[in-house]
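Here the sequence shown is numbered in the numbering used here, starting from 6 and rising by one per residue.
Quick reminder that beta carbons are idealized off the backbone N, C-alpha and C, glycines included.
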Amino acid sequence: MTTPATRITDRAWLRAQIDLAARRYGHARTDVLGTIWWYSASSVLVAPTLETLAKAEPPLDPALDALSLELLPDGTLVSAQSSRRLTGDVGAAFAGMIEAVVAALEDVTGARAPALRAIATDSVANRLLWNGAPGLAEPMAAAIGLPKPRYADVGGTTVVRRASCCLLYLATRQDKCLSCPRQTPAERERRLRSAFGQGGQ
Numbered sequence: 006m007t008t009p010a011t012r013i014t015d016r017a018w019l020r021a022q023i024d025l026a027a028r029r030y031g032h033a034r035t036d037v038l039g040t041i042w043w044y045s046a047s048s049v050l051v052a053p054t055l056e057t058l059a060k061a062e063p064p065l066d067p068a069l070d071a072l073s074l075e076l077l078p079d080g081t082l083v084s085a086q087s088s089r090r091l092t093g094d095v096g097a098a099f100a101g102m103i104e105a106v107v108a109a110l111e112d113v114t115g116a117r118a119p120a121l122r123a124i125a126t127d128s129v130a131n132r133l134l135w136n137g138a139p140g141l142a143e144p145m146a147a148a149i150g151l152p153k154p155r156y157a158d159v160g161g162t163t164v165v166r167r168a169s170c171c172l173l174y175l176a177t178r179q180d181k182c183l184s185c186p187r188q189t190p191a192e193r194e195r196r197l198r199s200a201f202g203q204g205g206q
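Now the structure itself:
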């Protein structure tokens, strides 16, 4: 199902998406569900523009009125597409989009804006890392007005040193994510090395 990204700022529509998130992940506080939803959604929303920037192409417009979203029936956001090239400043365009969604989420779910912005930072850092352009992350975050992104080297593999927590473990009662910042640094590195097949080296 395809829908305009501007629907995210429709409080009734967004509330329905949070209700669907509760069905997918488990019932939790509304602010927790809003944070989980944004952890996924932010990565999808920033992807079209960052992928073009990573290829040194003219960037696609990240504005909500330029984006369309592909959703599964259960509300899962699969992808986003932008309908036009950006003609203005990319940092300002990203900031406008992100702040509009953050304001809607804060209003509907009570999730705190600083935590949501930290998630956006990590989404930018991850998308650029996946597209082979991690060097763009810090200047891009600064241009948007987001917290500084950080990377770490784990046995020769570059990973995002996350500033944010998705809070998924609070809804699912499962273990924290491998790179969750709510672990000791030693535990995080041990789990990442294990996932990369590096053992304790």
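Member of the options whose CA lies at the smallest distance from the CA of residue i
i            : options                      : result
alanine 157  : Ala130, Ile13, Pro78         : Ala130
threonine 81 : Trp135, Leu50, Leu65         : Leu50
proline 67   : Ile103, Thr7, Asp24          : Ile103
leucine 134  : Met6, Ala148, Arg167, Arg122 : Arg167
leucine 65   : Ala26, Asp24, Ala85          : Ala85
Expected contact under 8 Å - CB spacing of residue i and residue j to nearest Å
i            : j                : result
glycine 161  : alanine 59       : About 22 Å; that fails the 8 Å criterion.
arginine 132 : alanine 52       : 6 Å
alanine 148  : glycine 96       : 3 Å
threonine 14 : alanine 71       : Contact doesn't hold; Cβ gap of about 14 Å is too wide.
threonine 54 : phenylalanine 99 : 7 Å
aspartate 3  : arginine 28      : Only positions 6 to 206 of the chain appear in this structure, which leaves residue 3 out of reach.
Distance, residue j Cα to residue i Cα
i             : j              : result
alanine 10    : arginine 90    : 16 Å
arginine 20   : threonine 114  : 8 Å
threonine 8   : leucine 74     : 5 Å
alanine 17    : valine 165     : 34 Å
threonine 126 : leucine 25     : 25 Å
glycine 205   : glycine 101    : Low confidence applies to glycine 205: its pLDDT is 45, below 50, so where it sits in the model is not reliable enough to give any reading.
alanine 109   : isoleucine 23  : 12 Å
threonine 35  : arginine 12    : 19 Å
glycine 140   : threonine 163  : 12 Å
threonine 40  : serine 88      : 27 Å
proline 154   : isoleucine 124 : 10 Å
proline 152   : tyrosine 30    : 27 Å
histidine 32  : tyrosine 44    : 17 Å
Residue i, buried or exposed, once every other Cβ within 10 Å from all chains shown has been counted against 16
i              : result
leucine 77     : exposed
alanine 46     : buried
proline 119    : exposed
methionine 145 : buried
Kindly provide the ranges of any beta strand (DSSP E) runs that are 3 or more residues long and lie completely inside the region 26 to 78, ordered along the chain. 72 to 76
- Query: Considering only residues of the region 81 to 129, which uninterrupted beta strand (DSSP E) runs meet the minimum length of 3 residues and lie entirely inside it, listed in chain order?
  - Reply: 82 to 87
* Asked: Of all the beta strand (DSSP E) runs that stay within the bounds of the region 135 to 176, which reach a length of 3 or more residues?
  -> 156 to 159, 162 to 165
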